[in-house]
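Structure, as structure tokens:
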């Protein structure tokens with residue numbers, strides 16, 4: 065045996081603290097366990113590591129000695145040493161772990177998740193395709209003949225599919241360059257087929273409705289024509305508007321130039337009046353254009369106020385009466401409504417439309433008459449109807465086209481005034497605003513009828529019956545014209561007067577007022593009817609000239625005669641004297657009588673003969689000459705009615 069000693073520091077590493085080494089005796093329990101197992105006891109025990117508190121103990125038994133070598137290391141320092149010694153390995157593992165996570169994320173995003181996105185995109189694309197197919201104006205059908213299934217179709221194709229033999233259609237279409245025509249339910253369809261390049265047994269069918277296509281083409285052509293028509297109408301409108309504005313402005317300029325150089329005061333006064341008339345017409349045209357602009361921009365709304373149509377028509381006819389008299393036209397006002405009934409609506413708009421139409425009728429009428437008829441629809445008193453009839457030369461269809469578009473054609477012109485291309489369109493727009501309508505009917509060389517229908521609410525009136533203004537008044541009508549007689553009779557009866565026709569009057573029937581259209585017919589309390597009088601005019605005592613178209617003027621004149629008659633009755637009989645006016649009245653009445661000529665021809669000879677027979681005492685002849693009743697009656701009438709003559 066060779067024994068030698070070695071320093072312990074030579075065999076212990078420098079990084080292991082010497083203070084942590086210990087020699088501990090072997091535990092007895094371990095010996096007992098070793099005795100029980102001979103193999104285990106005879107084998108040397110290996111190093112062991114145990115955790116004791118915050119220390120890790122490494123122990124190994126010394127051979128041939130009951131001692132254990134124990135080395136104690138702090139857990140914290142052990143962990144620090146492990147981290148320090150394995151830092152790069154841990155960092156490398158961490159980096160690899162992060163790279164793995166990133167790789168997993170990108171791989172999932174690029175390969176797994178895109179498949180789901182693609183599925184959603186495919187669903188959206190499929191839905192879009194279905195929407196496009198369903199929105200097609202023609203039928204679309206994709207059919208697979210291999211499996212006899214419909215791949216895609218819309219409602220039009222589904223509706224026609226039961227009536228189509230696709231196999232036969234495909235065969236025929238291939239022989240005719242892929243296009244054929246078929247009739248389904250009396251409708252002609254053009255069928256086009258396309259063969260798929262990917263699936264040879266798959267065909268696409270396009271079904272076009274030829275009738276609908278023809279209709280669409282017609283609508284397109286109509287739209288094109290309307291566009292061209294609007295362009296042409298705009299050109300005509302600007303052209304005609306320029307003419308209509310230029311003509312009066314040129315006349316105003318010429319009159320102003322003549323007025324500047326005119327020295328005669330009388331001529332200056334005439335030029336001033338003409339200048340005023342022309343400027344008024346231009347101002348009226350500008351006002352109409354302004355009103356039309358307000359109508360088009362919805363800036364004008366109809367008012368709602370009570371008004372009397374009778375008063376409205378009277379005022380309107382007074383305004384147009386100078387123009388009628390200037391051309392020598394006759395006017396007839398047939399007012400067939402209740403004179404006491406009032407309505408609720410926009411009277412100014414209605415008056416504007418009526419005034420424009422009446423003035424236009426005056427311009428287009430060279431001779432004849434103009435009739436204004438005011439009535440309502442049968443059994444509908446709130447639906448007013450205004451008819452304006454003239455006997456002019458009529459208006460053309462091009463002129464009537466101004467009803468839908470202003471200034472579309474040139475209007476008629478007379479020697480006093482000219483029509484406006486804005487009249488019909490403005491009246492039509494006003495009627496539409498009043499919930500009514502305007503209708504124009506014209507025939508060449510016969511005349512024109514303008515009809516306005518507007519609804520107007522009735523104003524409530526007291527149910528109590530009021531005494532009429534002319535109750536108890538009897539009027540004798542000696543009127544030649546049936547139309548004038550009808551107008552006057554209707555007006556007087558509306559105010560409660562009794563009318564007697566001259567042909568039907570009994571001899572003993574008294575009357576209060578005489579109405580006649582014969583200027584040579586004169587009697588006490590007489591109204592001379594005319595159509596050119598601006599209201600009424602008292603020509604003589606108890607003799608008034610009145611316009612039979614103006615209801616208010618007629619009533620005022622009759623009331624004036626009634627007042628004069630009542631004042632005359634209040635005077636005593638002895639106070640009454642025959643004046644010069646009465647003598648002239650009786651003389652006029654005698655000369656206008658039908659018996660005047662008979663009196664001149666027969667009475668002087670008969671009187672001379674009577675005196676001759678009386679002087680010769682021929683009483684038999686005298687009695688025979690008095691027998692004829694005609695002469696006696698004539699003489700008695702004249703003697704009794706005009707004794708003063």
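In our numbering, the protein residues as written are 65 to 709.
Glycine residues also receive a C-beta, built at the ideal position from the N, C-alpha and C atoms.
Closest by CA to residue 494, which one among 262, 355, 255? By alpha-carbon distance to residue 494, the top candidate from 262, 355, 255 is 355.
Can you name the start and end residues of the beta strand (DSSP E) that residue 440 belongs to? Taken as a continuous stretch (DSSP letters only), the beta strand (DSSP E) holding residue 440 covers 433-441.
With a threshold of 16 other CB atoms inside 10 Å of the CB of residue 703, please say whether the residue is buried or exposed. Caution is warranted here: a pLDDT of 34 is assigned to residue 703, below 50, making its placement in the model unreliable, and no coordinate value can be reported.
If you scan the stretch 545-628 from start to end, which runs of the beta strand (DSSP E) of 3 or more residues do you find wholly inside it? Runs of the beta strand (DSSP E) inside the stretch 545-628: 562-565, 577-580, 590-594, 600-604, 607-611.
If residue 523 sits next to residue 406, beta carbons under 8 Å apart, how far is it from one beta carbon to the other, in whole angstroms? Under the criterion of beta carbons closer than 8 Å, residue 523 and residue 406 qualify as touching, at roughly 4 Å.
Tell me, to the nearest whole angstrom, how far the beta carbon of residue 595 is from that of residue 582; I am working on the premise that it is less than 8 Å. Going by Cβ atoms, the distance from residue 595 to residue 582 rounds to 14 Å, so no, they are not a contact pair.
Return the bridge partner residues of residue 116 from the DSSP annotation. Residue 116 pairs with 119.
Going straight from the alpha carbon of residue 376 to that of residue 614, what length do you get? Answer to the nearest angstrom: the Cα atoms are 11 Å apart.
From 416, 609, 397, residue whose alpha carbon lies closest to that of residue 555: The shortest CA-to-CA distance from residue 555 to any of 416, 609, 397 is the one to 397.
Do the stretch 315-329 and the stretch 477-494 meet, that is, are 3 or more Cβ pairs less than 8 Å apart? They do not touch, by the three-pair rule.
Skipping 5 residues on each side, what residues in its chain have a beta carbon closer than 6 Å to that of residue 497? Around residue 497: 366.
Measuring straight from C-alpha to C-alpha, what distance separates residue 156 and residue 116? Residue 156 and residue 116: Cα-Cα distance of roughly 33 Å.
Indicate, with yes or no, if the ligand SAM has a heavy atom lying under 7 Å from the CB of residue 448. This structure simply doesn't include the ligand SAM, nor any ligand for that matter.
In this structure, does DSSP put residue 511 in helix, strand or coil? Assignment of residue 511 by DSSP, reduced to helix, strand and coil, places it in the strand class.
Beta-ladder partner(s) of residue 125, from DSSP: Under DSSP, the beta-bridge partners assigned to residue 125 are 132.
Given this structure, state the Cα-to-Cα distance separating residue 628 from residue 608, to the nearest angstrom. Residue 628 and residue 608: Cα-Cα distance of roughly 12 Å.
Just mark residue 443 as buried or exposed, buried being the case when its beta carbon has 16 or more other beta carbons within 10 Å. That one is exposed.
Judging by CA-CA distance, which residue of 349, 301, 591, 621 is the nearest neighbour of residue 481? Of the listed residues, the one whose Cα sits closest to residue 481 is 349.
On the DSSP bridge assignment, give the partners of residue 445 in chain order. Assignment of beta-bridge partners to residue 445 by DSSP yields no partner.
Does the stretch 452-472 come within contact of the stretch 290-304, defined as at least 3 CB pairs closer than 8 Å? With a cut-off of 8 Å, the stretch 290-304 and the stretch 452-472 count as touching, because enough Cβ pairs lie within range.
Should residue 455 be labelled buried (16 or more other beta-carbon atoms within 10 Å of its own) or exposed? Classification for residue 455: buried.
So, residue 742 versus residue 230, is the Cβ gap smaller than 8 Å? The structure shown does not extend to residue 742, since the chain spans only 65 to 709, so no value can be given for it.
Since residue 37 is in the beta strand (DSSP E), which residue starts that stretch and which ends it? A query on residue 37 cannot be resolved here, the shown segment of the chain reaching from 65 to 709 and no further.
Taking residue 88 as the reference, give the member of 520, 214, 125, 68 with the closest Cα. Nearest option by C-alpha distance: 125.
To which residues does DSSP link residue 224 through a beta bridge? Beta-bridge pairing links residue 224 to no other residue.
Runs of beta strand (DSSP E) lying entirely within the stretch 219-299, each at least 3 residues, in chain order: Runs of the beta strand (DSSP E) inside the stretch 219-299: 243-248, 251-259, 266-273.
Quick one: Cα of residue 514 to Cα of residue 453, how far? Each residue's Cα considered, the two are about 6 Å apart.
Please name the residue or residues paired with residue 517 in a DSSP beta bridge. Answer by DSSP bridge pairing, in chain order: 449, 501.
Among 250, 478, 416, 75, whose alpha-carbon lies nearest the alpha-carbon of residue 387? With distances taken between Cα atoms, residue 387 lies closest to 478.
According to the Cβ coordinates, are residue 403 and residue 559 closer than 8 Å? Yes, the Cβ-Cβ distance between residue 403 and residue 559 is below 8 Å.
Between the Cα of residue 310 and those of 290, 334, 345, spot the shortest distance and give me the residue it belongs to. Considering only alpha carbons, the answer is 345.
Among 269, 621, 536, which has the Cα closest to the Cα of residue 259? It is 269.
C-alpha gap between residue 84 and residue 161, whole angstroms: Using only the alpha carbons, I get a separation of about 38 Å.
Is it right to say residue 440 is buried, meaning 16 or more other beta carbons lie within 10 angstroms of its own, or is it exposed? The residue in question, residue 440, is buried, as its Cβ has 16 or more Cβ neighbours within 10 Å.
Excluding five sequence neighbours on each side, which residues of the same chain lie with their C-beta closer than 6 Å to the C-beta of residue 504? Excluding sequence neighbours, residue 504 sits near 464, 514.
What is the DSSP secondary structure of residue 66, reduced to helix, strand or coil? If DSSP states are grouped into helix, strand and coil, residue 66 belongs with coil.
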